[in-house]
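Colleague:
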Amino acid sequence: MQRLAIAPSQFQNQQIILTAEQQHYLSRVLRLRDGDRFIAMDGLGHWWLAKLEGNQAQILEPILQPNTELPVAITLMAALPKGNGFDEVVRYSTEVGVVAIVPLVSDRTLLNPSSGKLERWRRIATEAAEQSERQIVPTILDPVPFATALSLAKDKNYICVARGDSPHLRDCLQNKDFAGSGDSPNPQSPIPNPQHPSIAIATGPEGGWTAAEIENAIASGFQPVSLGRRILRAVTAPLVALSLVAAAFEDEKIVG
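In the working numbering, the protein residues as written are 19 to 274.
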């Protein structure tokens, strides 16, 4: 059954007030007609069976779905690549299971994104969450300098580096001891505090991190890690790193 992400503000008295874009998507793209049913998801873990009624939809009943989320809350901090490469980063990282994406402006970042880019990334994340049957839609923050992002450190923090003798991320993830995990509420953080233990993964730009950036990350509690002997593109490294995390924790029950 088709899925549609709905903002919580669109729910009114067992009705969903559809936007013009959503009406077009349901009727023109999905070819649904009045009376057809679809799944409405609020991006916060709740799903409902809904019936299309013109420019609205009637909520029929809540749906209990199997948990599709990882038992760790992953925040991806990715340096912005040139061109439209960050579109791919957002789409694939959403499918893999991140809860938040922080676009980074690093010392070697070439892209200066407009406000329209941020809106596009959030739309891509919503579409990817619908397609992959995620229970939540990842939060995408405004682009920030890397030094600012370091203050968003989680329970475990890794910065991916291309060269050197850093341990492989896979090996670091073998130790799943998250004792004392679960972020204490931080009202200063724009990222929702997860109920699960949390991991931050930082990936660099074309040309890699500067030595100063790596030093600052280490001072902020980030562990340098390798993704292998090959040099990965700025749009490939996030997917490789997130896939390693997902593979390590997909079926795990973390004891804190």
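Just so you know, even glycine gets a beta-carbon here, dropped at the ideal spot from N, CA and C.
Measuring alpha carbon to alpha carbon, tell me which residue in G226, T93 and M59 is nearest E79.
Modeller: The shortest Cα separation from E79 among G226, T93 and M59 belongs to M59.
Colleague: By the three-class DSSP mapping on this structure, what secondary structure does W139 have?
Modeller: W139: helix per DSSP, three-state reduction.
Colleague: Per DSSP, Y176 is paired with what?
Modeller: Its beta-bridge partners are I219 and Q241.
Colleague: Considering only the beta carbon of each residue, do Y249 and L94 sit closer than 9 Å?
Modeller: The question names Tyr, yet the displayed sequence has Ile at residue 249. No, the pair does not count as a contact, with Cβ atoms beyond the cut-off.
Colleague: Leaving out five residues on either side along the sequence, give the residues of the same chain with a beta carbon under 8 Å from the beta carbon of A147.
Modeller: Taken in chain order, the residues that qualify are A23, M59, G61, T112, I154, V155 and P156.
Colleague: Specify the secondary structure class of H186 as computed by DSSP and reduced to three states.
Modeller: Strand, per DSSP.
Colleague: To the nearest angstrom, how far is it from the Cα of K174 to the Cα of G63?
Modeller: If you take the alpha carbons of K174 and G63, they lie about 24 Å apart.
Colleague: So for V155, helix, strand or coil by DSSP?
Modeller: Three-state DSSP puts V155 in coil, outside helix and strand.
Colleague: Which same chain residues, not among the five before or five after P161, have their C-beta less than 6 Å away from its C-beta?
Modeller: Cβ neighbours of P161 beyond the five flanking positions: P121, V123 and P131.
Colleague: On a CA-only basis, which of L128, I119 and K100 is nearest A143? Give me that one, please.
Modeller: Checking every option, the nearest Cα to that of A143 belongs to I119.
Colleague: In the DSSP assignment, the alpha helix (DSSP H) including T254 goes from what residue to what residue?
Modeller: Here T254 belongs to no alpha helix (DSSP H), and DSSP marks it neither H nor E.
Colleague: List the DSSP bridge partners of V123.
Modeller: BP columns for V123 point to P163.
Colleague: Assuming L98 and T127 form a contact by the criterion Cβ under 8 Å, report the distance between their Cβ atoms to the nearest whole angstrom.
Modeller: Correct: roughly 5 Å between the Cβ atoms.
Colleague: Excluding the five sequence neighbours on either side, which residues of its own chain have a C-beta within less than 7 Å of the C-beta of I232, listed in chain order?
Modeller: Within the same chain, I232 has close Cβ partners I177, V179 and P242.
Colleague: Taking all protein chains shown into account, do 16 or more other C-beta atoms lie within 10 angstroms of the C-beta of K100, making it buried, or fewer, making it exposed?
Modeller: When all chains shown are included, K100 counts as exposed.
Colleague: Indicate the three-state DSSP secondary structure (helix, strand or coil) for E106 in the structure shown.
Modeller: The answer is helix: DSSP assigns E106 an H, G or I state.
Colleague: If you measure between the beta carbons of L36 and L48, is that distance less than 9 Å?
Modeller: No, the pair does not count as a contact, with Cβ atoms beyond the cut-off.
Colleague: For T221, count the other beta carbons within 10 Å of its own beta carbon; 16 or more makes it buried, fewer makes it exposed. Which is it?
Modeller: So T221 ends up on the buried side.
Colleague: Does the distance from the CB of L292 to the CB of V263 come in under 9 Å?
Modeller: Any question about residue 292 goes unanswered here, given that the chain covers just 19 to 274.
Colleague: Which word fits Q40, buried or exposed, when buried means at least 16 other C-beta atoms lie within 10 angstroms of its C-beta?
Modeller: Under this definition Q40 is a buried residue.
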